[in-house]
Amino acid sequence: MNTLQVLLDIFHIVCGLLIYGLVGWTILSWLVAFNVVNLHNRFVRSLVDGLDRLFAPMLRPIRRILPDMGGIDLSPMVLVLLIMLVDRGIPALLRDFGVIPAYIGGA
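Residues in the sequence shown are numbered consecutively from 387, following this note's numbering.
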């Protein structure tokens, strides 16, 4: 296994963790919005704050581009699609340019 394969595997894992974290953040924001969990709990508040700090900078440029949908925020879905595109696209580009063999490069 070469170094590039290890780096691509780590990149694939990070992309997967970002997607799972984004889905978790979205579900948690719905639970807070529908008052299933409240922000008076210290753990919930710190979790929401940490996830907001992680994902808000990634979502902000997408929210500026997307039109206002009247309360429906599609930016997390767009971000998931972009992460998946990059996750699949980088190994494909490396294979196309001959940097890595055809059998290497993630899922």
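All residues carry an ideal CB built from backbone N, CA and C; glycine is no exception.
| Item | Value |
| --- | --- |
| Within the chosen definition, does the stretch 422 to 435 reach the stretch 399 to 407 through at least 3 CB pairs nearer than 8 angstroms? | no |
| DSSP three-state call for Met455: helix, strand or coil? | coil |
| Along the chain, where does the alpha helix (DSSP H) that runs through Phe397 open and close? | 389 to 419 |
| Determine whether the beta carbon atoms of Val418 and Val434 lie at a separation below 8 angstroms. | yes |
| Is Val466 near Leu452, with beta carbons less than 8 angstroms apart? | no |
| Please return the same chain residues whose Cβ sits closer than 7 angstroms to the Cβ of Leu425, not counting the five positions on each side in sequence. | Val418, Arg431, Val434 |
| Determine the direct distance from the alpha carbon of Gly410 to that of Ile469, and round the result to whole angstroms. | 15 angstroms |
| Which residue from Asp459, Thr389, Ser415, Gly475 puts its Cα closest to that of Asp438? | Ser415 |
| Leaving out five residues on either side along the sequence, give the residues of the same chain with a beta carbon under 7 angstroms from the beta carbon of Pro487. | none |
| Please report the straight-line C-alpha distance between Gly456 and Leu393, rounded to a whole angstrom. | 41 angstroms |
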